[in-house]
Ligand code: SIN
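In our numbering, the protein residues as written are 40 to 386.
Right under this line is the structure:
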């Protein structure tokens with residue numbers, strides 16, 4: 040295995056970005072139905088939230104809701120929808136299809152209450168309650184505060200360092216999350232972007248030999264993998280109780296997962312939570328994971344979300360990894376996150 044991995048290192052790292060066909064077809068789920076106009080032309084990196092009127096086909100329906108794919112490897116913005124109002128079944132079906140096709144939906148200008156955020160999140164499935172209970176929004180246990188803001192006593196309101204390593208939310212659970220919905224409350228004047236990397240493309244663009252090599256492998260994921268490292272950097276992170284540790288016991292998942300709704304394959308390892316490849320010697324496991332981490336976050340796979348006031352961003356943890364880029368410490372950044380339960384990971 041070692042010699043094999045070494046022979047592949049050059050292939051993976053030296054492989055130039057293969058330019059993608061200017062069509063959304065390669066991003067479409069195999070079982071895609073409906074929303075036939077959901078075609079986007081994919082342009083070159085760097086990707087951003089800017090949509091190109093010339094290259095993105097906006098999908099508009101009689102209800103005035105528009106879904107505009109981004110000019111990039113993933114993502115679409117949703118305009119003309121007020122999530123204070125109940126979402127009818129036809130609109131929900133369009134959102135569902137778009138979420139499967141584009142993996143990130145950016146709902147613009149959502150001036151919604153925490154209760155409305157929770158209600159909309161529940162349309163996608165039951166919600167998780169994060170193991171760090173002290174960062175819940177009071178009165179709303181389903182909302183994790185992602186925040187560097189402190190209260191009058193100087194105590195952090197939220198998890199200020201959430202997402203500082205690439206990860207897929209709750210991959211350390213037996214049933215990792217389907218998706219997360221992050222709502223901007225207060226944004227810094229500088230920085231604070233969130234990056235998303237398309238793990239379907241990451242798998243599809245692996246050299247064939249590496250694809251074959253990783254297909255049957257399994258890897259361990261652990262919430263504790265880097266917890267102490269983060270605590271050393273940020274001593275406000277609480278020491279976990281025995282009950283909390285028991286809640287986040289390490290689990291094993293396929294390295295390549297099959298999306299339960301679209302059937303599309305994706306890489307499913309992350310620098311934050313994946314500790315080892317099961318059955319490989321430690322050095323081989325470490326080398327292979329390093330290769331996969333580097334490959335799976337290449338700029339050509341990444342969409343950078345530059346937050347706008349009141350954005351609500353809903354991503355698919357089964358298709359993507361994400362990373363919080365951080366902002367200068369003196370600037371306030373405060374968001375609310377709900378996390379939708381998912382299924383056991385299919386290989
Ligand atoms: C997260 O990982 O859920 C937080 C992402 C962010 O704060 O940008």
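Positions of the beta carbon are idealized from the N, C-alpha and C atoms, including for glycine.
Computed from a predicted structure; not experimentally measured.
Distance cut-off 6 Å: residue i Cβ against heavy atoms of ligand 1
i: residue 377; result: no
i: residue 363; result: yes
i: residue 233; result: yes
i: residue 223; result: no
i: residue 164; result: no
i: residue 201; result: yes
i: residue 185; result: yes
Cβ neighbours of residue i in the same chain (closer than 8 Å, five flanking residues each side left out)
i: residue 190; result: 196
i: residue 368; result: 187
i: residue 168; result: 175, 180, 181
i: residue 127; result: 102
i: residue 138; result: 144, 218, 353, 355
i: residue 178; result: 153
Contacts around residue i, its chain only, beta-carbon distance under 7 Å, and the 5 residues preceding and following it disregarded
i: residue 240; result: 112, 340
i: residue 382; result: 214, 299
i: residue 176; result: 153, 182, 184, 375
i: residue 49; result: Only weak support exists for where residue 49 lies, its pLDDT of 37 falling under 50; the value from the coordinates is given anyway. Answer for residue 49: no residue qualifies.
Sequence-distant residues of the same chain with beta carbon closer than 6 Å to residue i, five excluded per side
i: residue 58; result: The predicted model places residue 58 with a pLDDT of 29, which falls under 50 and marks its position as unreliable, so this point remains unresolved.
i: residue 209; result: 215, 216
i: residue 164; result: 217, 379, 380
i: residue 264; result: 312, 314
Option nearest residue i by Cα separation, candidates the options
i: residue 199; options: 155, 171, 291, 284; result: 171
i: residue 245; options: 365, 226, 331, 134; result: 331
i: residue 371; options: 361, 264, 226, 271; result: 226
i: residue 192; options: 360, 275, 102; result: 275
i: residue 235; options: 102, 384, 278, 115; result: 115
i: residue 284; options: 211, 203, 305, 207; result: 211
i: residue 206; options: 228, 333, 144; result: 333
i: residue 222; options: 301, 385, 377, 356; result: 377
i: residue 292; options: 277, 281, 353, 309; result: 309
i: residue 224; options: 144, 117, 348; result: 348
i: residue 142; options: 106, 287, 157; result: 106
i: residue 110; options: 366, 344, 281; result: 344
i: residue 270; options: 320, 305, 286, 203; result: 203
i: residue 337; options: 323, 173, 362; result: 362
i: residue 290; options: 135, 384, 162, 159; result: 384
Examine the Cβ distances between the segment 257 to 273 and the segment 308 to 325 and report whether three or more of them are shorter than 8 Å.
yes
Please confirm if the segment 116 to 125 is in contact with the segment 134 to 151, defined as three or more CB-CB distances below 8 Å between the two stretches.
yes
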